[in-house]
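Let me begin by presenting the structure, written as structure tokens, before commenting on it.
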């Protein structure tokens with residue numbers, strides 16, 4: 527009887543181990559944590575100032591470059607609204623800073639670089655003529 531008990535205990539332990547491995551494999555699957563991030567396809571997006579560009583500036587720039595704080599926190603660069611961005615606007619300087627190109631101050635300062643997709647959106651908006659749409 528002790529041999530049967532030992533075999534039964536070993537079998538249960540083996541099954542428990544296999545079950546844990548299967549559960550671990552399933553949990554590591556991308557889809558168990560939500561759908562993967564969609565690919566960035568800026569060419570197919572409708573990149574407008576109001577719906578795309580302004581929210582990027584809200585999330586990453588206006589804490590320091592907003593119209594009420596730019597003179598103290600933003601080095602005098604006001605990105606508070608479309609008119610302010612358009613009147614200052616130096617596309618090469620802005621792009622150099624957000625891309626963290628050599629010779630430019632990396633922005634946002636002290637925070638991670640914008641996503642490549644957001645940078646591509648800003649580049650597309652500039653290339654389309656910086657419209658206030």
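Numbering (this note's numbering), first residue to last: 527 to 659. Backbone N, C-alpha and C fix where the C-beta goes; we use that ideal spot for every residue, glycine too.
Residue ranges of each alpha helix (DSSP H) within the region 570-658, 4 or longer: Assignment of alpha helix (DSSP H) within the region 570-658, counting only whole runs of 4 or more residues, yields 580-586, 588-591, 596-599, 608-614, 617-624, 642-653 in chain order.
Of the residues 603, 621, 642, the one placed nearest residue 566, counting alpha carbons only: Comparing Cα-Cα distances from residue 566 to each of 603, 621, 642, the minimum goes to 642.
Rounded straight-line distance, which links the Cα of residue 574 to that of residue 590: Approximately 23 Å, taken between the alpha carbons.
Whole-angstrom C-beta distance between residue 579 and residue 648, which should lie under 8 Å: Contact holds; Cβ gap of about 6 Å.
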